């Protein structure tokens, strides 16, 4: 298949692996920010193929995982409102909040429905005028533009029963927050692919310039990731960190201007609460004043108890890259995809789920 | 107005009677035509008996429908024991309001599939329930077959050194249903692989008496089936990613939805575990069947890591292939 098969060609892959082995001299630490990359890396066994000089860390780039319990609890509470339909992407369903999950509320009679796009949720609002449809706005810069587009369409058509609970997060500010915390030292960053398709590669310039971190935007096929790692190694060995794109079929330096405009029309930046990381300024998005009538948070009065974290769960530390799932006492013993304790086990892009599914840490 | 199924069609009265009568000619056989409370017949030898319920939504999908599925699914369960399928029961639970034309279409499909599979529907039941209490149409079929002498196939028969054979491309059925359900359109639509496999199994049994395991990788996909076999047999399995055939459209849809074809359902494929020396001729005969043209040896049974399936990736690394956990949910981004 075009655009897939050529990026899985095993001969090319082996040649890239050889080149990385030849190039890599000094010990370095790279982080793949995005959960999608974590999955590619584990699914294709890429960590096993890298030289011992390269240490890979998984970052917080899983939208489900970084949603704070306080936010999740609000979504769960909304699903208990009479005549409210909560529309959500499938991954959110099973994430345990402080006291319950969307799945449990659904089993108790709450109306929670899975959608593939915000436009499906808007359609649901049109077809159910006697219900209030609340779309859970979870995701990074990747999903925010389509949610923004749904709000614009709702506004144009004057749909009065469609709302968005915006829990969107922005990537560059949280990368900065991670580095500023001083907990994690990085030499290079595998920059997210889908996010960069929207924001471009320029928002990472500060990382190379101010932090001396090599940055390469990667696609999601195994060869994309290998090529990205090869380019990162080359930059680091040469001592010249910069921002490059190894995913030119999807990403331009300026990003997707139309998507950025749409997002900017509907949303403005605000602080956001990240699981494990805390409140990061300018890292979230809320609906602008003129679209406030679509803002579920402003329209519905939701009261929730103080959030709490599951005992023993180290998802927060894992999201910051300071621990791995293998450091967690619950991993595999108590916490598994059937009975997930924390969000990183629920989401298909979570580190714990990838470690679990692809057997990381199990002796062969 | 188009005729719809009414609650009265399930009341046991005149309408019920007429509905059942209208379908009898489709399954013209003396056991059913008697309309007695049970079908009474004689069978010799070892019997295989199985049952399954079908609740697919939508009920019509590219390459099949719930009727074809209800016949093939049960026929295949019998075939996986090496049995020759003979008789089916057919039980319908219909949601009030189902267009009569849809029901007729499903029944015609059941007739056609049963004919192809060489099985007779010998007993049946129809219930109609309130709108909203079911999703259009649920079907249960049970099947009886005869296991030929000497055939001993089970999930616990895999032995180290055996070859693992897959009869063709994976994920076709799941993707056909999912793309129809979600309104995804592809330039070349993926069709369900729904098909009766007993003929293929009979051909395989002609060339070898040593099929250790047979299983159809339906829900949970190839990955879950291999894990079941590895656990039941107490052996490890090693497979190679590059040997597993995946259709282009399935590949594309999986990329789009964030799914792994290893976990997507099939309805016309089988996995066979046979001694290595037999594998070549088994695959050769499979290639001659319409349902085994892309059959391939995808791996081997090993003594190491019992209960676990390890896959060599196309890049030459290896990783665990686990059972499917939970539902298949599409990803966010």
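Protein chains in written order, with the working numbering: chain S, 878 to 1241; chain A, 5 to 337.
Backbone N, C-alpha and C define an ideal beta-carbon position, used for all residues, glycine too.
All of these numbers come straight from a predicted model, not from anything done at the bench.
Own chain residues within Cβ distance below 6 angstroms of residue 59 (chain A), not counting five before or after: 142
Nearest to residue 67 (chain A) (by Cα), restricted to the options A:157, A:176, A:131: A:176
Chain-order list of residues whose beta-carbon lies under 6 angstroms from that of residue 161 (chain A) (same chain, five-residue window excluded): 216, 217
Chain A contacts from the stretch 915-926 of chain S (Cβ-Cβ distance under 9 angstroms): 916, 919, 920, 921, 922, 923, 924, 925, 926
Residues from the stretch 1226-1241 of chain S in contact with chain A, defined by Cβ distance under 7 angstroms: 1226, 1234, 1235, 1236, 1239, 1241
Boundaries (first-last residue) of the beta strand (DSSP E) holding residue 131 (chain A): 124-133
Alpha helix (DSSP H) segment containing residue 176 (chain A), residue limits: 176-185
Contact check, residue 231 (chain A) vs residue 315 (chain A), beta carbons under 8 angstroms: no
Beta-carbon proximity of residue 1100 (chain S) to residue 886 (chain S), cut-off 8 angstroms: yes
Residues from the stretch 260-272 of chain A in contact with chain S, defined by Cβ distance under 7 angstroms: 262
Short Cβ contact (8 angstroms threshold) for residue 249 (chain A) with residue 298 (chain A): yes
Reference residue 270 (chain A); option with closest CA among A:201, A:237, A:245, A:325: A:201
Environment of residue 337 (chain A) [buried if 16+ CB atoms lie within 10 Å]: Residue placement at residue 337 (chain A) is flagged as unreliable, the pLDDT there being 47, under the threshold of 50; the coordinate-derived value follows with that caveat. Under this definition residue 337 (chain A) is a buried residue.
Residue range of the unbroken alpha helix (DSSP H) whose run includes residue 268 (chain A): Here residue 268 (chain A) belongs to no alpha helix (DSSP H), and DSSP marks it neither H nor E.
Runs of beta strand (DSSP E) wholly within the stretch 265-328 of chain A (minimum 3 residues, chain order): 275-278, 300-306, 313-316, 322-325
Neighbour flag for residue 318 (chain A) against chain S, beta carbons, 8 angstroms: yes
Of the residues A:136, A:93, A:186, A:98, the one placed nearest residue 44 (chain A), counting alpha carbons only: A:93
Proximity of residue 921 (chain S) and residue 319 (chain A) at Cβ, strictly below 8 angstroms: yes
Reduced DSSP secondary structure (H/G/I, E/B, other) of residue 1232 (chain S): helix
Beta-carbon contacts of residue 1129 (chain S) that lie in its chain and below 7 angstroms, excluding the five residues immediately before and after: 1077
Where residue 208 (chain A) sits in the DSSP three-state scheme: helix
C-beta neighbour in chain S for residue 192 (chain A), strict 8 angstroms: no
Close Cβ partners of residue 1024 (chain S) (< 7 angstroms) along its chain, the five nearest in sequence each way excluded: 995, 1012, 1014, 1041
Integer-rounded CB distance, given that residue 21 (chain A) should sit under 8 angstroms from residue 132 (chain A): The Cβ separation is near 13 angstroms, so there is no contact.
Residue of A:239, A:129, A:226 minimising C-alpha distance to residue 309 (chain A): A:239
Beta strand (DSSP E) runs wholly inside the stretch 901-954 of chain S, at least 3 long, in chain order: 905-911, 931-938
Where residue 1126 (chain S) falls, given that 16 or more other Cβ within 10 Å makes a residue buried: exposed
Proximity winner among S:1230, S:1053, S:1225, S:962, relative to residue 1207 (chain S) (alpha-carbon distances): S:1230
For residue 1046 (chain S): DSSP bridge partner residues: S:1161
Whole-Å CB distance - residue 167 (chain A) paired with residue 283 (chain A), under 8 angstroms assumed: 4 angstroms
Alpha-carbon spacing of residue 958 (chain S) relative to residue 42 (chain A), whole angstroms: 51 angstroms
Rounded Cβ spacing between residue 210 (chain A) and residue 289 (chain A) (contact assumed at less than 8 angstroms): 7 angstroms
As assigned by DSSP and simplified to three states, the class of residue 91 (chain A): strand
C-beta atoms of residue 1001 (chain S) and residue 962 (chain S) nearer than 8 angstroms: yes
Residue 15 (chain A), buried or exposed, once every other Cβ within 10 Å from all chains shown has been counted against 16: exposed
Beta-carbon spacing of residue 1195 (chain S), residue 1051 (chain S) below 8 angstroms: no
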